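Novice: Provided herewith is a single structure, encoded as structure tokens, for subsequent inquiry.
There are 2 protein chains.
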Amino acid sequence: MSKPIIPEREITQLSEIIKAMSHPLRYKIICLLGCGEMSMQNLVKAIDTSHSNASQHLALLQDSGLVLVRKVASRVYYRIRDQRTLRLLAMSNHVLA
Amino acid sequence: MSKPIIPEREITQLSEIIKAMSHPLRYKIICLLGCGEMSMQNLVKAIDTSHSNASQHLALLQDSGLVLVRKVASRVYYRIRDQRTLRLLAMSNHVLA
DNA sequence: AAAATATTTCACTTTATAATTAAGTAGTTA
DNA sequence: TAACTACTTAATTATAAAGTGAAATATTTT
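Chains as they are written, first to last, in my numbering: chain G, 56 to 152; chain E, 56 to 152.
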């Protein structure tokens with residue numbers, strides 16, 4: 056962080072991305088997707104919440120541009136859009152330790 | 056992310072740290088502190104909000120363990136506790152690009 | 001075509017965060 | 001010691017985010 060003045064717009068965007076990751080369920084979803092694409096079904100099984108709630112969190116993750124969706128017939132598959140998101144996740148893991 | 060099962064406790068802790076960074080003002084504060092210790096006075100000048108509001112956000116950053124405080128007479132100085140926080144910040148910057 | 005499955009959307013309630021203003025504390029200066 | 005500066009706390013209000021359950025949509029199976 057050598058330059059102290061950061062454009063306001065960037066701060067807004069960056070804090071939004073981070074915010075999207077900051078909910079425990081969403082953080083967990085991103086961790087899970089880190090291993091590769093996953094179906095809605097399996098995500099719901101892996102995280103402990105209702106289908107409806109999971110769907111809403113995934114919609115938020117899509118809106119914030121962190122995950123991509125692929126529909127195959129009646130099934131929906133989610134995946135991480137940008138691998139750098141996983142590096143950010145790994146980094147956050149590192150901060151705690 | 057090779058191991059898919061993350062301890063629940065860690066997820067909670069990590070998402071809390073990220074959440075602390077996810078508010079635009081707090082994100083900005085962390086950026087500013089990235090350049091080194093800063094007085095409350097100067098922080099308030101740099102971010103566009105009231106003294107009281109800044110104080111509350113800084114209290115939150117303290118509680119979440121991201122910043123440390125040092126009092127000298129009636130002045131208060133804040134600084135980043137762990138340099139890895141700044142790496143996390145830099146990483147988030149990188150995700151956007 | 002009815003029933004079943006997979007998922008999302010909607011309306012609603014609850015809970016959590018944020019901003020504001022006023023009051024409070026603690027040092028500092030006149 | 002009174003007024004001033006630096007900062008925090010508390011109370012209030014406003015706003016936003018999260019969870020729930022029912023209804024809606026779309027596909028698949030029987």
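The beta carbon of each residue, even a glycine, is placed where N, CA and C say it ideally should be.
In this text, all values refer to a predicted model and were calculated from it rather than measured experimentally.
Please list the partners that G:V150 has in chain E, where partner means a Cβ-to-Cβ separation under 7 Å.
Specialist: Residue 150 of chain G sits at position 95 when you count from the first residue of the first sequence. Those within 7 Å of G:V150 in chain E are I72, D137, R139, T140 and L143.
Novice: Alpha carbon to alpha carbon, how far is G:Q138 from G:Q117? Give it in angstroms, no decimals.
Specialist: For the purposes of this step, residue 117 of chain G is taken as the residue at position 62 of the first sequence. For the purposes of this step, residue 138 of chain G is taken as the residue at position 83 of the first sequence. Going from the Cα of G:Q117 to the Cα of G:Q138 covers about 15 Å.
Novice: Closest to E:L115 by CA distance: which of E:Q68, E:E63 and E:M76 is it?
Specialist: Position 60 of the second sequence, counting from 1, holds the residue named residue 115 of chain E. Looking at the Cα atoms, E:M76 is the closest of the given residues.
Novice: Among G:R64, G:I73, G:I85 and G:E63, which one has its Cα closest to the Cα of E:L144?
Specialist: Taking the first residue of the second sequence as 1, we reach residue 144 of chain E at position 89. When each option's Cα is compared against that of E:L144, the closest is G:I73.
Novice: Just to confirm, are G:L87 and G:A101 a CB contact at a threshold of 8 Å?
Specialist: The residue given as residue 87 of chain G occupies position 32 in the first sequence. The residue given as residue 101 of chain G occupies position 46 in the first sequence. Between G:L87 and G:A101, the CB-CB gap stays under 8 Å.
Novice: Measure the Cβ-Cβ separation of G:L121 and G:R136 and say whether it is below 8 Å.
Specialist: The count along the first sequence starts at 1 and reaches residue 121 of chain G at position 66. The count along the first sequence starts at 1 and reaches residue 136 of chain G at position 81. Cβ distance < 8 Å, so G:L121 and G:R136 count as in contact.
Novice: So E:H79 contacts chain G; which residues on that side make the cut at Cβ distance below 8 Å?
Specialist: One-based indexing of the second sequence puts residue 79 of chain E at position 24. For the record, residue 79 of chain E in the displayed sequence is Pro; it is not His. Neighbours of E:P79 on chain G, chain order: I66, T67 and S70.
Novice: Can you confirm whether E:Y132, when its beta carbon is compared against all beta carbons of chain G, has any partner nearer than 8 Å?
Specialist: In the second sequence, the residue the question calls residue 132 of chain E occupies position 77. So no, E:Y132 is outside the interface.
Novice: Tell me, which residues are paired with G:K74 by DSSP?
Specialist: Numbered from its first residue, the first sequence carries residue 74 of chain G at position 19. Residue pairing by DSSP leaves G:K74 without any beta bridge partner.
Novice: Which residues in chain E have a C-beta closer than 8 Å to the C-beta of G:S147? List them in chain order.
Specialist: Mapped onto the first sequence, residue 147 of chain G falls at position 92. Within chain E, the residues near G:S147 are L69, I72, I73 and L143.
Novice: Near G:S70, which residues of its chain fall below 7 Å by C-beta distance, leaving aside the five closest residues on each side in sequence?
Specialist: Here residue 70 of chain G refers to the residue found at position 15 when the first sequence is read from its first residue. Nothing meets the Cβ criterion.
Novice: Tell me whether the beta-carbon of E:P79 lies closer than 8 Å to the beta-carbon of G:T140.
Specialist: Here the question's residue 79 of chain E lines up with position 24 in the second sequence. Here the question's residue 140 of chain G lines up with position 85 in the first sequence. Contact flag unset, no.
Novice: Listed from N- to C-terminal order along the chain, which residues in the segment 117-131 of chain E have their beta-carbon within a distance smaller than 8 Å of any beta-carbon of chain G?
Specialist: Within the segment 117-131 of chain E, no residue qualifies.
Novice: DSSP on E:L121, reduced to helix/strand/coil?
Specialist: The sequence position of residue 121 of chain E within the second sequence is 66, counting from 1. Of the three classes helix, strand and coil, the one that applies to E:L121 here is coil, per DSSP.
Novice: Report buried or exposed for G:S57, applying the criterion of at least 16 other Cβ atoms within 10 angstroms of its Cβ.
Specialist: As a first step, residue 57 of chain G is located in the first sequence; it is residue number 2 there, counting from the start. Any answer about G:S57 is weak, because its pLDDT of 44 lies below 50 and its placement is not dependable; what the coordinates show is given next. Exposed is the call here.
Novice: Going by DSSP, name the residue or residues bridged to G:M93.
Specialist: Within the first sequence, the letter at position 38 stands for residue 93 of chain G. BP columns for G:M93 point to G:Y133.
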